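So for the sequence shown, our numbering puts the first residue at 48; every next one is plus one.
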Amino acid sequence: MSDTRLGDSIDTVSGPAHFRQLGGWLEQPADLQPPLKGNVSADVIVVGAGFAGLSTALELTALGAKVVVLEQEFAGFGASGRNAGYLVGGQGMKFDLFVKRIGHEKARDIVKFYDDGVSYVERRLKELGIDCDYNASGTIRAGVHPSQEKMIRQSMQLGLELGSPAQFLDNAAMRARGIPPAFLFGCHFPTGGTLNPGKYVLGLRRAAIQAGVRLYERTPLLSYSEGPVVTCHTAQGSASARHVVFATNAYTPQLGLLRNKVMPIKVSAIETEPLSAAQLESLGWPNREGITTSHLAMESHRLTAHNTLVLSTKRISYVYGSKTPNEPDGAAYRSLAEGLNARFPSLHGLRIAHCWSGYISFAFDALPVVGESGPQQNILYTAGCSGHGVGTQSYIGRLLAERISGIEHPSLAALRHTTPSLLPEPLQWCAMTLALGAANRLDGFTNWRARKG
Ligand SMILES: Cc1cc2nc3c(=O)[nH]c(=O)nc-3n(C[C@H](O)[C@H](O)[C@H](O)COP(=O)(O)OP(=O)(O)OC[C@H]3O[C@@H](n4cnc5c(N)ncnc54)[C@H](O)[C@@H]3O)c2cc1C
48 MSDTRLGDSI
58 DTVSGPAHFR
68 QLGGWLEQPA
78 DLQPPLKGNV
88 SADVIVVGAG
98 FAGLSTALEL
108 TALGAKVVVL
118 EQEFAGFGAS
128 GRNAGYLVGG
138 QGMKFDLFVK
148 RIGHEKARDI
158 VKFYDDGVSY
168 VERRLKELGI
178 DCDYNASGTI
188 RAGVHPSQEK
198 MIRQSMQLGL
208 ELGSPAQFLD
218 NAAMRARGIP
228 PAFLFGCHFP
238 TGGTLNPGKY
248 VLGLRRAAIQ
258 AGVRLYERTP
268 LLSYSEGPVV
278 TCHTAQGSAS
288 ARHVVFATNA
298 YTPQLGLLRN
308 KVMPIKVSAI
318 ETEPLSAAQL
328 ESLGWPNREG
338 ITTSHLAMES
348 HRLTAHNTLV
358 LSTKRISYVY
368 GSKTPNEPDG
378 AAYRSLAEGL
388 NARFPSLHGL
398 RIAHCWSGYI
408 SFAFDALPVV
418 GESGPQQNIL
428 YTAGCSGHGV
438 GTQSYIGRLL
448 AERISGIEHP
458 SLAALRHTTP
468 SLLPEPLQWC
478 AMTLALGAAN
488 RLDGFTNWRA
498 RKG
């Protein structure tokens, strides 16, 4: 079956699902801010209005800077408005991809940065008065087959050694918590939890507008010229400032920056119709912890405040040339629908209401890519937070604002490292297609064994 066109329904094993171009959590804001017309100047220009861009703009404004934000569509259009809403710290990281390379000491500092990202968001929600249905339940990385236990325990142990808290839950502990039975055992990360990312990013947008940030929406950056003053060119005007922050995440390579350091990876999600009271009752799951699995391409399963189930990831892909088309991924939605049936057999027949996709940015070591560019080192960038940007890409705003004001926070210093280079095309596409295909087959084997019991 071939993928359908934008706006169509997509057939899954659970019936047709409606593809949402803007993700499942938000609509275009009614108070869309006007596009940039004419020439403006500021202390700092931020390009991109997701968690990173909006947090940077808010923190800079609090320090007294005049800030312009250029956003190609509207705030929250990117991954920040499309993610699964897990606020996870250092235990969510892929330790095997970087610890040996950078060493324990640096890894410890980076894990601390991830954990600090969780407390940063929790504090900002209170300070900015953002209600985004945050459930501070912690999260669980679970196994669906006994073969996954060793890996979960090893990863948890390494995380503990690196300073991030966690607790192993055996089958009895999982059942005592009321976790759905397909998740046999797991590791509970007590910090963080789940939130509604649409409400969170729109809350940041509202706070930024109220704080006096000049947000220009429907204003793509087309080009920029470097120098002591950087000028950003848009379709109908330009903005100039002594500093520019690229908070464009997966879209950054298209702007000519970090082309050989980060690549966009397409990640998809499905959302069911609301569960009935009887279905919720049958499910148990009283604390509603967000659950991920330890597959090579993890599955994530969570309940929302409006009693739907959101499933994400499971089948990820790379588009040739680091492109980011806003198109449906029928194969991913079908795979997620199969996951829904496999993990929640008691909900058989539950309809999938929506499906959507977005892009994360990924470096080969799965670590953040933060730094400066240009002859004056006055063009800052942040990308590469893989699938863990809710906390980190929010917190990075604080660190970049301090950096622009002349202070290098120890956590920012810790993030500085040499990111491995990507491959040129078509090697990049071949390597990613082979690697993701292999991961998919291995995960499929684990799922087959889980079905066999
Ligand atoms: C399906 C999915 C599930 C995920 N689940 C989780 C999760 O549960 N937990 C977690 O921590 N992370 C998750 N992530 C990752 C997380 O969403 C991202 O790491 C985070 O949102 C990145 O924030 P950001 O501000 O850096 O980038 P984005 O939110 O992508 O913001 C970049 C912005 O730049 C704008 N832009 C791009 N080009 C231009 C241009 N030329 N001019 C002007 N503006 C431009 C875009 O429109 C966009 O608004 C998930 C991601 C996806 C896609």
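Note that the Cβ used here is the ideal one computed from N, Cα and C, for glycine as well. It should be emphasised that the depicted structure is a prediction, and the values quoted were computed from it without experimental measurement.
For the 8 Å CB-CB criterion, Asn494 and Ala389 form a contact.
In this structure, Thr355 lies near Thr319, with their beta-carbon atoms less than 8 Å apart. The closest CA to that of Ile363, considering only Leu394, Trp403, Leu175, Leu350, is found on Trp403. Residue Ala99 holds the alpha-carbon nearest to the alpha-carbon of Val168 among Ala413, Gly111, Ala99. For Trp495, the enclosing alpha helix (DSSP H) begins and ends at 474 to 499.
The beta carbon of Arg496 is closer than 6 Å to those of His192 in its chain, skipping five residues each way along the sequence. Comparing C-alpha distances from Ser420 to each of Glu273, Ala255, Ala344 shows the shortest one belongs to Glu273.
The DSSP assignment places complete alpha helix (DSSP H) segments of no fewer than 4 residues inside the stretch 96 to 141 at 98 to 109, in order along the chain.
Taking C-beta atoms as the reference points, Tyr365 and Thr480 count as a pair closer than 8 Å. Between Lys153 and Pro422, the alpha-carbon positions lie close to 28 Å from each other. Boundaries of the alpha helix (DSSP H) around Glu174: 151 to 174. Taking the Cβ of Gln138 as the reference point, every heavy atom of ligand 1 lies at 7 Å or farther away. Take Ser102, set aside five residues on each side of it, and the residues of its chain with a beta-carbon closer than 6 Å to its own are Ser441, Gly444, in chain order. The C-alpha of Leu483 lies about 21 Å from the C-alpha of Ser202. Contiguous beta strand (DSSP E) elements confined to the stretch 403 to 479 occur at 416 to 420, 426 to 430, taking only those with 3 or more residues. Of the other Cβ atoms in all chains shown, 16 or more fall within 10 Å of the Cβ of Ser433; this residue is therefore buried. Proximity of the beta carbon of His435 to ligand 1 is indicated: a heavy atom of the ligand is located closer than 7 Å.
DSSP places Tyr271 in no alpha helix (DSSP H) but in the uninterrupted beta strand (DSSP E) bounded by 270 to 272. Along the length of the stretch 339 to 390, whole beta strand (DSSP E) runs at least 3 residues long occupy 346 to 350, 356 to 360, reported in chain order.
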